[in-house]
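This report concerns only the one structure given below.
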Amino acid sequence: MKDSIIHKILFFLLVIQFSIINAQIKLDTDYGNNRTIGKYVEINGAKIYYEEYGKGEPLLIIHGCGADIKSMEYQIDYFKDKYRVIAADSRGQGKSELKTDSLTYTQIAKDWEGLVKHLRLDSINILGWSDGGIVGMKMGISKKTKIKKIVAMGANLRPDTTAVNSWAPEKIRKMQAEALEMIKKGDKSQDWKMELQLDGLLLNQPNISHSDLKKINASVLIMVGDRDIIKNEHAVEIFNNLPKGQLCIMPGINHGAPRNKPNIFNEIVNRFLSEKFNYEKRK
(Lines of atoms letter the chains of each structure in order from A; the text may use other names.)
(Lines give C-alpha, C1' and ligand atoms only; values in the text may rest on other atoms or scores of the structure.)
Protein backbone atom coordinates (compact mmCIF):
# COMPACT_ATOMS: atom_id res chain seq x y z
CA MET A 118 0.00 0.00 0.00
CA LYS A 119 2.76 2.48 0.93
CA ASP A 120 4.57 1.97 -2.41
CA SER A 121 1.35 2.63 -4.30
CA ILE A 122 0.76 5.83 -2.34
CA ILE A 123 4.27 7.09 -3.06
CA HIS A 124 3.87 6.21 -6.73
CA LYS A 125 0.67 8.23 -7.00
CA ILE A 126 2.02 11.15 -5.00
CA LEU A 127 4.85 11.46 -7.51
CA PHE A 128 2.21 12.38 -10.06
CA PHE A 129 -0.47 14.14 -8.15
CA LEU A 130 2.00 16.22 -6.18
CA LEU A 131 4.35 16.47 -9.15
CA VAL A 132 4.80 20.21 -8.88
CA ILE A 133 4.99 20.42 -5.12
CA GLN A 134 8.69 19.72 -4.49
CA PHE A 135 7.45 17.40 -1.75
CA SER A 136 10.70 16.51 0.00
CA ILE A 137 11.90 20.13 0.05
CA ILE A 138 8.70 21.27 1.73
CA ASN A 139 8.96 18.57 4.37
CA ALA A 140 12.56 19.60 5.05
CA GLN A 141 11.58 23.24 5.51
CA ILE A 142 8.49 22.85 7.71
CA LYS A 143 8.59 20.49 10.66
CA LEU A 144 5.46 19.89 12.72
CA ASP A 145 5.31 18.60 16.28
CA THR A 146 2.54 16.10 15.49
CA ASP A 147 2.91 13.18 13.09
CA TYR A 148 -0.45 13.62 11.42
CA GLY A 149 -1.68 10.46 9.76
CA ASN A 150 0.48 8.31 12.04
CA ASN A 151 -0.67 9.48 15.46
CA ARG A 152 -1.11 6.27 17.45
CA THR A 153 -2.68 8.04 20.43
CA ILE A 154 -5.33 9.68 18.27
CA GLY A 155 -5.90 7.40 15.28
CA LYS A 156 -8.97 5.16 15.13
CA TYR A 157 -10.59 2.68 12.78
CA VAL A 158 -14.28 2.34 12.04
CA GLU A 159 -15.99 -0.06 9.64
CA ILE A 160 -18.00 1.86 7.07
CA ASN A 161 -19.75 0.28 4.09
CA GLY A 162 -17.78 -2.93 4.55
CA ALA A 163 -14.28 -1.42 4.82
CA LYS A 164 -12.14 -0.33 7.77
CA ILE A 165 -11.56 3.41 7.49
CA TYR A 166 -8.77 5.13 9.42
CA TYR A 167 -9.33 8.62 10.83
CA GLU A 168 -7.91 11.16 13.28
CA GLU A 169 -9.58 14.02 15.17
CA TYR A 170 -8.11 17.24 16.54
CA GLY A 171 -9.49 20.36 18.20
CA LYS A 172 -12.97 21.50 19.21
CA GLY A 173 -15.80 23.51 17.71
CA GLU A 174 -17.57 23.25 14.37
CA PRO A 175 -16.64 20.06 12.51
CA LEU A 176 -14.30 20.51 9.55
CA LEU A 177 -13.68 17.47 7.36
CA ILE A 178 -10.29 17.56 5.65
CA ILE A 179 -10.17 15.29 2.58
CA HIS A 180 -6.94 14.44 0.75
CA GLY A 181 -6.29 13.86 -2.95
CA CYS A 182 -5.90 10.70 -5.01
CA GLY A 183 -3.37 8.18 -3.74
CA ALA A 184 -2.38 10.38 -0.81
CA ASP A 185 -3.39 10.20 2.85
CA ILE A 186 -3.97 12.25 5.99
CA LYS A 187 -0.34 13.34 6.16
CA SER A 188 -0.58 15.16 2.83
CA MET A 189 -2.99 17.58 4.56
CA GLU A 190 -0.85 18.03 7.68
CA TYR A 191 -0.40 21.80 7.24
CA GLN A 192 -4.16 22.26 7.03
CA ILE A 193 -4.82 20.05 10.06
CA ASP A 194 -2.18 21.88 12.08
CA TYR A 195 -3.58 25.31 11.13
CA PHE A 196 -7.28 24.63 11.57
CA LYS A 197 -7.20 22.40 14.67
CA ASP A 198 -7.17 25.51 16.89
CA LYS A 199 -10.28 26.85 15.14
CA TYR A 200 -12.41 23.77 14.39
CA ARG A 201 -12.99 20.15 15.31
CA VAL A 202 -10.86 18.78 12.52
CA ILE A 203 -11.65 15.30 11.21
CA ALA A 204 -9.22 13.80 8.71
CA ALA A 205 -9.40 10.32 7.23
CA ASP A 206 -7.61 8.11 4.75
CA SER A 207 -10.10 7.63 1.94
CA ARG A 208 -10.99 4.07 0.93
CA GLY A 209 -8.06 2.08 -0.43
CA GLN A 210 -5.56 4.77 0.47
CA GLY A 211 -3.29 5.30 3.45
CA LYS A 212 -4.35 2.95 6.25
CA SER A 213 -7.93 2.41 5.00
CA GLU A 214 -9.09 -0.79 3.35
CA LEU A 215 -10.18 -0.99 -0.28
CA LYS A 216 -12.73 -3.84 -0.32
CA THR A 217 -13.92 -3.09 -3.85
CA ASP A 218 -12.77 -3.88 -7.37
CA SER A 219 -14.19 -0.68 -8.82
CA LEU A 220 -13.37 2.43 -6.81
CA THR A 221 -15.57 5.47 -7.43
CA TYR A 222 -15.90 8.98 -6.08
CA THR A 223 -19.50 8.12 -5.22
CA GLN A 224 -18.28 5.30 -2.95
CA ILE A 225 -15.71 7.53 -1.28
CA ALA A 226 -18.36 10.20 -0.70
CA LYS A 227 -20.65 7.57 0.85
CA ASP A 228 -17.81 6.51 3.15
CA TRP A 229 -17.33 10.08 4.36
CA GLU A 230 -21.08 10.40 4.88
CA GLY A 231 -20.90 7.19 6.91
CA LEU A 232 -18.12 8.67 9.04
CA VAL A 233 -20.22 11.80 9.64
CA LYS A 234 -23.09 9.56 10.77
CA HIS A 235 -20.77 7.48 12.98
CA LEU A 236 -19.51 10.63 14.70
CA ARG A 237 -23.08 11.97 15.01
CA LEU A 238 -22.25 15.32 13.49
CA ASP A 239 -25.22 17.63 13.00
CA SER A 240 -23.55 19.81 10.38
CA ILE A 241 -20.10 20.06 8.83
CA ASN A 242 -17.70 22.10 6.76
CA ILE A 243 -15.46 20.46 4.17
CA LEU A 244 -11.96 21.27 2.94
CA GLY A 245 -10.99 19.03 0.04
CA TRP A 246 -7.90 19.01 -2.15
CA SER A 247 -8.11 17.63 -5.70
CA ASP A 248 -10.09 14.36 -5.40
CA GLY A 249 -11.07 15.58 -1.94
CA GLY A 250 -12.71 18.61 -3.54
CA ILE A 251 -14.63 16.34 -5.90
CA VAL A 252 -15.81 14.25 -2.95
CA GLY A 253 -16.86 17.42 -1.11
CA MET A 254 -18.95 18.56 -4.07
CA LYS A 255 -20.54 15.12 -4.43
CA MET A 256 -21.48 15.20 -0.75
CA GLY A 257 -23.06 18.59 -1.35
CA ILE A 258 -25.00 17.16 -4.28
CA SER A 259 -26.23 14.08 -2.40
CA LYS A 260 -27.47 16.13 0.59
CA LYS A 261 -27.09 13.14 2.92
CA THR A 262 -25.36 15.43 5.40
CA LYS A 263 -25.97 19.06 6.37
CA ILE A 264 -23.05 21.04 4.96
CA LYS A 265 -22.42 24.70 5.70
CA LYS A 266 -19.37 25.39 3.54
CA ILE A 267 -17.19 23.50 1.07
CA VAL A 268 -13.70 24.40 -0.11
CA ALA A 269 -12.70 22.56 -3.28
CA MET A 270 -9.07 23.06 -4.28
CA GLY A 271 -8.08 21.79 -7.74
CA ALA A 272 -11.30 19.86 -8.38
CA ASN A 273 -12.92 19.06 -11.73
CA LEU A 274 -16.32 18.03 -13.08
CA ARG A 275 -15.05 15.64 -15.76
CA PRO A 276 -11.76 13.98 -16.71
CA ASP A 277 -11.34 15.26 -20.28
CA THR A 278 -9.06 17.98 -21.59
CA THR A 279 -11.79 20.61 -21.48
CA ALA A 280 -11.26 20.45 -17.72
CA VAL A 281 -7.65 19.35 -17.15
CA ASN A 282 -4.42 20.15 -18.95
CA SER A 283 -3.55 17.47 -21.51
CA TRP A 284 -0.27 16.40 -19.88
CA ALA A 285 -2.16 15.09 -16.83
CA PRO A 286 -4.18 12.27 -18.47
CA GLU A 287 -1.14 11.45 -20.64
CA LYS A 288 0.90 10.88 -17.48
CA ILE A 289 -1.81 8.71 -15.95
CA ARG A 290 -2.17 6.60 -19.08
CA LYS A 291 1.56 5.85 -18.91
CA MET A 292 1.20 4.87 -15.27
CA GLN A 293 -1.78 2.68 -16.16
CA ALA A 294 0.22 0.93 -18.90
CA GLU A 295 3.06 0.35 -16.44
CA ALA A 296 0.66 -1.19 -13.92
CA LEU A 297 -0.82 -3.52 -16.55
CA GLU A 298 2.67 -4.59 -17.61
CA MET A 299 3.69 -5.31 -14.01
CA ILE A 300 0.54 -7.38 -13.46
CA LYS A 301 1.33 -9.33 -16.64
CA LYS A 302 4.84 -10.00 -15.35
CA GLY A 303 3.50 -11.13 -11.98
CA ASP A 304 5.37 -8.36 -10.15
CA LYS A 305 4.57 -8.22 -6.42
CA SER A 306 6.57 -5.11 -5.47
CA GLN A 307 3.34 -3.17 -4.90
CA ASP A 308 -0.42 -3.45 -5.29
CA TRP A 309 -0.72 -2.84 -9.03
CA LYS A 310 -4.43 -3.68 -9.10
CA MET A 311 -4.99 -0.93 -6.56
CA GLU A 312 -2.93 1.35 -8.79
CA LEU A 313 -5.25 0.58 -11.70
CA GLN A 314 -8.27 1.55 -9.64
CA LEU A 315 -6.71 4.88 -8.71
CA ASP A 316 -5.77 5.46 -12.35
CA GLY A 317 -9.36 4.68 -13.31
CA LEU A 318 -10.62 7.38 -10.96
CA LEU A 319 -8.47 9.98 -12.67
CA LEU A 320 -9.03 8.86 -16.26
CA ASN A 321 -12.75 8.06 -16.21
CA GLN A 322 -14.26 10.11 -13.41
CA PRO A 323 -15.90 12.26 -12.18
CA ASN A 324 -18.95 13.02 -14.28
CA ILE A 325 -20.67 15.92 -12.54
CA SER A 326 -23.17 17.99 -14.53
CA HIS A 327 -24.09 21.64 -14.23
CA SER A 328 -27.53 20.58 -13.01
CA ASP A 329 -25.81 18.56 -10.26
CA LEU A 330 -23.88 21.63 -9.12
CA LYS A 331 -27.10 23.59 -8.86
CA LYS A 332 -28.30 21.11 -6.21
CA ILE A 333 -25.60 22.21 -3.76
CA ASN A 334 -27.07 24.37 -1.00
CA ALA A 335 -23.78 24.94 0.80
CA SER A 336 -21.50 27.89 0.12
CA VAL A 337 -18.62 26.68 -2.06
CA LEU A 338 -15.19 28.18 -2.60
CA ILE A 339 -13.57 26.96 -5.81
CA MET A 340 -9.78 27.31 -5.68
CA VAL A 341 -7.10 26.67 -8.27
CA GLY A 342 -3.62 27.94 -8.96
CA ASP A 343 -3.19 29.69 -12.29
CA ARG A 344 -0.56 27.01 -13.07
CA ASP A 345 -2.82 24.15 -11.92
CA ILE A 346 -3.60 20.77 -13.45
CA ILE A 347 -7.15 22.13 -13.65
CA LYS A 348 -7.68 24.69 -16.38
CA ASN A 349 -8.52 28.21 -15.19
CA GLU A 350 -11.58 28.35 -17.45
CA HIS A 351 -12.87 25.13 -15.93
CA ALA A 352 -12.68 26.61 -12.44
CA VAL A 353 -14.73 29.56 -13.75
CA GLU A 354 -17.22 27.10 -15.27
CA ILE A 355 -17.73 25.39 -11.91
CA PHE A 356 -18.09 28.75 -10.16
CA ASN A 357 -20.66 29.98 -12.70
CA ASN A 358 -22.94 27.01 -12.03
CA LEU A 359 -22.95 27.13 -8.22
CA PRO A 360 -25.90 28.77 -6.44
CA LYS A 361 -23.60 30.09 -3.72
CA GLY A 362 -20.10 30.08 -5.09
CA GLN A 363 -16.89 32.00 -4.66
CA LEU A 364 -13.81 31.75 -6.86
CA CYS A 365 -10.11 32.08 -6.13
CA ILE A 366 -7.47 31.69 -8.84
CA MET A 367 -4.15 32.05 -7.05
CA PRO A 368 -1.43 33.79 -9.09
CA GLY A 369 1.83 31.98 -9.75
CA ILE A 370 0.66 28.89 -7.88
CA ASN A 371 0.15 25.29 -8.99
CA HIS A 372 -1.92 22.28 -7.94
CA GLY A 373 0.24 21.78 -4.86
CA ALA A 374 -0.81 24.95 -3.00
CA PRO A 375 -1.89 23.19 0.24
CA ARG A 376 1.71 21.95 0.62
CA ASN A 377 3.97 24.37 -1.21
CA LYS A 378 2.08 27.54 -0.29
CA PRO A 379 0.32 26.51 2.93
CA ASN A 380 0.32 29.96 4.55
CA ILE A 381 -1.39 31.65 1.62
CA PHE A 382 -3.73 28.73 1.04
CA ASN A 383 -4.78 28.40 4.67
CA GLU A 384 -5.42 32.13 5.08
CA ILE A 385 -7.71 32.20 2.04
CA VAL A 386 -9.60 29.15 3.27
CA ASN A 387 -9.88 30.57 6.79
CA ARG A 388 -11.34 33.82 5.49
CA PHE A 389 -13.98 31.90 3.51
CA LEU A 390 -14.90 29.65 6.42
CA SER A 391 -15.04 32.39 9.05
CA GLU A 392 -16.66 35.31 7.25
CA LYS A 393 -20.27 35.78 6.21
CA PHE A 394 -20.95 36.64 2.60
CA ASN A 395 -24.00 38.15 0.91
CA TYR A 396 -24.50 36.09 -2.23
CA GLU A 397 -27.22 38.46 -3.43
CA LYS A 398 -24.46 40.85 -4.49
CA ARG A 399 -23.64 38.59 -7.43
CA LYS A 400 -27.05 39.11 -9.02
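Numbered according to our numbering, the sequence shown spans residues 118 to 400. Think of the CB as a built atom: it goes at the ideal place given N, C-alpha and C, for glycine as much as any other residue. Note that the structure is a prediction, hence the values are computed from the model and not measured.
Among Leu359, Ala335, Gln224 and Asn377, which one has its Cα closest to the Cα of Val252? Within the sequence shown, the letter at position 135 stands for residue 252. Nearest option by C-alpha distance: Gln224.
Return the chain-ordered list of same chain residues with a C-beta closer than 7 Å to the C-beta of Ala226, the five sequence neighbours on each side being excluded. Stepping through the sequence shown from its first residue, residue 226 is reached at position 109. Apart from the 5 residues on each side of it in sequence, Ala226 sits with its Cβ closer than 7 Å to the Cβ of Val252, Lys255, Met256 and Ser259 in its chain, given in chain order.
Tyr396 (DSSP reduced to helix, strand or coil): One-based indexing of the sequence shown puts residue 396 at position 279. Tyr396: helix per DSSP, three-state reduction.
Leaving out five residues before and five after Gly231 in sequence, what residues of the same chain have Cβ atoms less than 7 Å from its Cβ? As a position in the sequence shown, residue 231 is number 114, starting the count at 1. Excluding sequence neighbours, Gly231 sits near Ile160 and Asn161.
Of the listed residues Glu168, Asp145, Asn324 and Asp194, nearest to Asn383 (C-alpha basis): Residue 383 sits at position 266 when you count from the first residue of the sequence shown. Closest option to Asn383, Cα to Cα, is Asp194.
Which class does Lys302 belong to by DSSP, given the choice of helix, strand or coil? Here the question's residue 302 lines up with position 185 in the sequence shown. Three-state DSSP puts Lys302 in a helix.
Once DSSP output is grouped into helix, strand and coil, what is the label at Met242? Residue numbering aside, residue 242 sits at position 125 when the sequence shown is read from its first letter. For clarity, residue 242 is Asn in the given sequence; the question names Met instead. Strand, per DSSP.
Where Ile391 falls: helix, strand or coil (DSSP): Translated into positions along the sequence shown, residue 391 becomes position 274. The sequence given here places Ser at residue 391; Ile does not occur at that position. Note: Ser391 maps to helix in three-state DSSP.
Can you name the residues that DSSP bridges to Pro175? Residue 175 sits at position 58 when you count from the first residue of the sequence shown. DSSP output for Pro175 lists Arg201 as bridge partner(s).
Distance check for Asp304 and Phe356, CA to CA, integer angstroms please. If you number the sequence shown from 1, residue 356 lands on position 239. If you number the sequence shown from 1, residue 304 lands on position 187. About 44 Å.
Which runs of the alpha helix (DSSP H) fall wholly inside the region 290 to 375 and span at least 4 residues, in chain order? When DSSP assignments are scanned along the region 290 to 375, the uninterrupted stretches of alpha helix (DSSP H) that are 4 or more residues long and fall wholly within it turn out to be 309 to 321, 327 to 330 and 349 to 357.
Per DSSP, Met270 forms a beta bridge with which residues? Sequence index remark: in the sequence shown, residue 270 carries index 153 (1-based). Partner(s): Trp246 and Met340.
What does DSSP give as the partner residues of Lys156 in its beta bridges? Position 39 of the sequence shown, counted from the first residue, corresponds to residue 156. DSSP lists Tyr167 as partners of Lys156.
Lys407, DSSP secondary structure in three states: Absent from the structure is residue 407, since the part of the chain shown begins at 118 and ends at 400.
Counting C-beta neighbours from all protein chains within 10 Å, is the total for Leu376 16 or more, i.e. buried, or is it exposed? By one-based count along the sequence shown, residue 376 stands at place 259. Note that residue 376 is Arg in the sequence shown, not Leu. With 16 or more Cβ atoms within 10 Å of its Cβ, Arg376 is classed as buried.
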